[in-house]
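In what follows, a single structure is set out as structure tokens and then discussed.
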Amino acid sequence: VLAPNGHGVDAFSAALREGRSGIRHHAHLEEAKFGCQVGGIPENVEQFQGQYLTDEELFAMNANMIYAAIGSIDAWTDA
9 VLAPNGHGVD
19 AFSAALREGR
29 SGIRHHAHLE
39 EAKFGCQVGG
49 IPENVEQFQG
59 QYLTDEELFA
69 MNANMIYAAI
79 GSIDAWTDA
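Spelled out as structure tokens, the structure:
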């Protein structure tokens, strides 16, 4: 699981039990003059994305693709 409120089954489950949604204000959306400035964006992905994907793969992907790939790899590994 890669979600705004946790990475991994244990962290995600704990966040749900504690009532943490992961939805928060994002300053970069405010700076870009978006009407909606809250969202659920996974945090600190840059710190561990290299454990899942090569530099070449990361170069070819946008953030959403990276989130999907990490979540998919985790799901496959945990299955």
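Mapping to the working numbering: the sequence shown position 38 is 46, numbers consecutive. Note that CB positions come from ideal geometry on N, CA and C, so glycine has one too.
Residue pairing of L10 in beta bridges, as defined by DSSP: H15.
With a 10 Å radius around the Cβ and a threshold of 16 neighbouring Cβ atoms, I31 comes out exposed.
Between the alpha carbons of G79 and G14 lies a distance of about 11 angstroms. Inter-residue distance for A77 and P50 is about 13 angstroms (C-alpha atoms, whole angstroms).
For T85 and Q59, the gap between their C-alpha atoms comes out near 13 angstroms.
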